[in-house]
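Only one structure is covered here, and it is reproduced in the block below.
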Amino acid sequence: MNSENPIWALISTFGLMSLFAVGGAAAAVPEMHRIAVDVHHWMTDKQFADAYAIAQLSPGPNVLIVTLIGYAVAGIPGALAATLAMCLPTALLAYYVSRLLNRPSQSRWPGLIQAALVPLSIGLMAASALILAQSTDRNIAALLLTATVAVIASVSRINPLWLLLAGGLLGFAGIV
Amino acid sequence: MSPDSAPAAQEPDIPAAHAPPPGLFALFLAFARMSLAGFGGVLVFARHAIVDQHRWMTADEFNETFALCHFLPGPNIVNLSMVFGSRLRGIAGGVAAFAGLLLPPTLIMTVLAIIYARFGDVDLLRRILAGISCAAVGLLIAVVFRMMTPLLKRMDVVVIILMLGVFTAIGVFRWPLQAVLLVAIPLSIGVTFLMRRKVAA
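So the protein sequences, as listed, match chains A and B.
Residue numbers in the first sequence follow the numbering used here, run continuously in steps of one, and reach 356 at the last position.
Residue numbers in the second sequence follow the numbering used here, run continuously in steps of one, and reach 265 at the last position.
Structure representation (structure tokens):
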């Protein structure tokens, strides 16, 4: 396991990490920081913080912070290896579990378990919205922008991209 | 997906609200599009596309599928692409949705990594990104609200208390996730079991 090859280090690190990342990519970020900065010295603290911001604000799933870490370690092959190692094993696991749960059977447990998880899942999402709002909404204008977007997106079916573009424009103008 | 499989067995399991299942390329394209639109997270766009725009799932089905992916290890939305795609079109559909979700943004992220390695950070870019992230939080709040509405409409007090409990424990008290889930998951399964038994009796 202690191969010198950085690609293998990326694959084993993120493949293993993904299997323990219950609660999604956001829950795994502290662990990523520990491994990339403290254990392997792949990045400095500031580089990691920048990578996190870029991943949050770029299109695509936020988990793609691992693409940036992979690139810092081993260039383009590193970026691809880290991404696949983080995403593929758990996606296959999810596929098999979902097939298991939806197999036609007499048991009512699969439906029951899925239904029982729904309120917990929504509660978790609401919690991450609160935590994110506390880190981004540092002044009244930013808070107002967040609240306005929340209301508009709740009551209309407008494409969310327009609201993000409006946020970008307000940031460009220096208002938020 | 119906809660009790016994009555559902005698009717075809395609509810009237559904659109016909998409082809593989359409799945790839739909996930590529929601992924590329997904600044600050893809869930908002995934729900918009799957439930509102294409009507491939009802709001409740989406909640249940997402909840399953949320509690399995790994990135939720990536799990969702695989599970959702394979529910519509088998394993090939899962792979198509997975590839659509990951391929375009991985390429973009790689380009950004190259740019970042060369130029570092520019103040103007930071300001624009800060504005976008405020709006992204607003979108997240809206999608949470929309996912909540089927629960609120049912006026199921126990379910609402469970939801608020998790929110308070994680969001307000910042208790460790594992500890909260260790208590909340068995509790919720137990409560759901008891409530269903009461309804059946």
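All C-beta atoms, glycine included, are put in the ideal place defined by N, C-alpha and C.
Is residue i near residue j, with beta carbons less than 9 Å apart?
i	j	result
leucine 21(B)	glycine 154(B)	Nothing about residue 21(B) can be read from this structure; chain B reaches only from 65 to 265.
methionine 227(B)	isoleucine 302(A)	yes
serine 334(A)	phenylalanine 237(B)	no
valine 106(B)	proline 269(A)	no
tyrosine 251(A)	isoleucine 178(B)	yes
asparagine 282(A)	arginine 260(B)	no
alanine 110(B)	phenylalanine 95(B)	yes
threonine 316(A)	alanine 307(A)	no
arginine 191(B)	glycine 354(A)	yes
alanine 160(B)	phenylalanine 89(B)	yes
valine 201(B)	leucine 312(A)	yes
phenylalanine 352(A)	leucine 203(B)	no
valine 163(A)	isoleucine 234(A)	With chain A covering 181 to 356 only, the question about residue 163(A) has no answer from this structure.
proline 186(A)	glycine 258(A)	yes
alanine 271(A)	methionine 146(B)	yes
arginine 337(A)	histidine 118(B)	no
valine 222(B)	valine 186(B)	no
isoleucine 234(B)	valine 244(B)	yes
leucine 136(B)	alanine 274(A)	yes
threonine 193(A)	histidine 220(A)	yes
valine 277(A)	valine 142(B)	no
leucine 176(B)	serine 238(A)	yes
Taking the alpha carbon of residue i as the point to measure from, which residue in the options has its own alpha carbon closest?
i	options	result
leucine 166(B)	Leu144(B), Leu215(B), Ala248(B) and Pro137(B)	Leu144(B)
glycine 138(B)	Leu248(A), Thr193(A) and Phe200(A)	Phe200(A)
threonine 326(A)	Ala309(A), Ala208(A) and Trp222(A)	Ala309(A)
proline 85(B)	Val115(B), Phe109(B) and Val222(B)	Val115(B)
valine 267(B)	Thr193(A), Ile191(A) and Pro299(A)	Absent from the structure is residue 267(B), since the part of chain B shown begins at 65 and ends at 265.
isoleucine 293(A)	Leu176(B), Phe109(B) and Cys133(B)	Cys133(B)
alanine 248(B)	Val329(A), Leu297(A), Pro340(A) and Leu323(A)	Leu297(A)
methionine 121(B)	Gly87(B), Ile192(B), Trp239(B) and Phe148(B)	Phe148(B)
leucine 190(A)	Thr247(A), Ile215(A), Ser238(A) and Ala262(A)	Ala262(A)
proline 250(B)	Ala295(A), Leu248(A) and Leu237(A)	Ala295(A)
methionine 212(A)	Ser238(A), Leu248(A) and Ile311(A)	Leu248(A)
isoleucine 224(B)	Ala259(A), Phe194(A), Leu304(A) and Leu341(A)	Leu304(A)
serine 198(A)	Asn140(B), Ala156(B) and Val108(B)	Asn140(B)
valine 356(A)	Leu237(A), Val243(A), Pro340(A) and Leu324(A)	Leu324(A)
aspartate 220(B)	Trp239(B), Ala156(B), Arg182(B) and Val263(B)	Val263(B)
threonine 270(B)	Leu350(A), Arg279(A), Pro340(A) and Arg288(A)	Summary: the structure shown does not reach residue 270(B), with chain B confined to residues 65 through 265, and so no result is reported for it.
valine 108(B)	Val253(A), Leu341(A) and Thr328(A)	Leu341(A)
glycine 158(B)	Trp239(B), Leu246(B) and Leu93(B)	Leu93(B)
What is the residue span of the alpha helix (DSSP H) that residue i lies within?
i	result
arginine 191(B)	187-218
leucine 199(A)	186-200
aspartate 124(B)	123-135
isoleucine 256(A)	245-281
isoleucine 311(A)	289-316
isoleucine 224(B)	221-231
glutamine 227(A)	225-237
serine 99(B)	88-101
arginine 214(A)	Premise fails: arginine 214(A) is in no alpha helix (DSSP H) and is neither H nor E.
alanine 333(A)	320-335
alanine 353(A)	No alpha helix (DSSP H) holds alanine 353(A); DSSP gives it neither H nor E.
arginine 111(B)	107-111
For the ligand HEM, any of its heavy atoms closer than 8 Å to the Cβ of residue i?
i	result
proline 214(B)	Absence of the ligand HEM is noted for the structure shown, with no ligands found whatsoever.
Members of the stretch 125-140 of chain B near chain A, C-beta cut-off 9 Å: Asn127, Glu128, Thr129, Phe130, Ala131, Leu132, Cys133, His134, Phe135, Leu136, Pro137, Gly138, Pro139 and Asn140
Count the CB pairs spanning the stretch 194-210 of chain B and the stretch 341-355 of chain A that are closer than 8 Å, and state whether there are at least three. yes
Hey, is the stretch 114-129 of chain B in contact with the stretch 223-238 of chain A, meaning 3+ C-beta pairs nearer than 8 Å? no
The stretch 206-221 of chain B in contact with the stretch 250-267 of chain A per 3-pair CB rule at 8 Å: no
Under 8 Å, with one C-beta from each stretch per pair, do the stretch 166-175 of chain B and the stretch 81-101 of chain B reach the 3-pair mark? yes
Name, going along the chain, the residues of the stretch 241-262 of chain A whose beta-carbon falls closer than 8 Å to a beta-carbon of chain B. Pro241, Asn242, Val243, Leu244, Thr247, Leu248, Tyr251, Ala252, Ile256, Ala259 and Leu260
For the stretch 203-217 of chain B, which residues have a CB atom closer than 7 Å to at least one CB atom of chain A, in sequence order? Leu203, Leu204, Ile205, Ala206, Val208, Phe209, Arg210, Met211, Met212 and Leu215
Check distances from the C-beta atoms of the stretch 101-121 of chain B to those of chain A and list, in chain order, the residues that come in under 9 Å. Ala101, Gly102, Phe103, Gly104, Gly105, Val106, Leu107, Val108, Phe109, His112, Asp116 and Gln117
Counting only Cβ-Cβ distances shorter than 9 Å, please list the residues of the stretch 261-276 of chain A near chain B, keeping chain order. Thr263, Leu264, Met266, Cys267, Leu268, Pro269, Thr270, Ala271, Leu272, Leu273, Ala274 and Tyr275
Taking a Cβ distance cut-off of 8 Å, strictly less, list which residues of the stretch 148-171 of chain B are near chain A, in chain order. Ser150, Arg151, Ile155, Gly158, Phe162, Leu165, Leu166, Pro168, Pro169 and Thr170
Near-chain A residues of the stretch 225-238 of chain B (beta-carbon distance less than 9 Å), N- to C-terminal order: Ile225, Leu226, Met227, Leu228, Gly229, Val230, Phe231, Thr232, Ala233, Ile234, Gly235, Val236 and Arg238
Select from the stretch 301-325 of chain A all residues with a C-beta closer than 7 Å to any C-beta belonging to chain B, and list them in chain order. Ser301, Ile302, Gly303, Leu304, Met305, Ala306, Ala307, Ala309, Leu310, Ile311, Leu312, Ala313, Thr316, Asp317, Ala322 and Leu325
Chain B contacts from the stretch 224-238 of chain A (Cβ-Cβ distance under 9 Å): Gln227, Asp230, Ala231, Ala233, Ile234, Ala235, Gln236, Leu237 and Ser238
Chain-ordered residues of the stretch 250-265 of chain B with a beta carbon less than 7 Å from chain A: Ser252, Ile253, Thr256, Phe257 and Arg260
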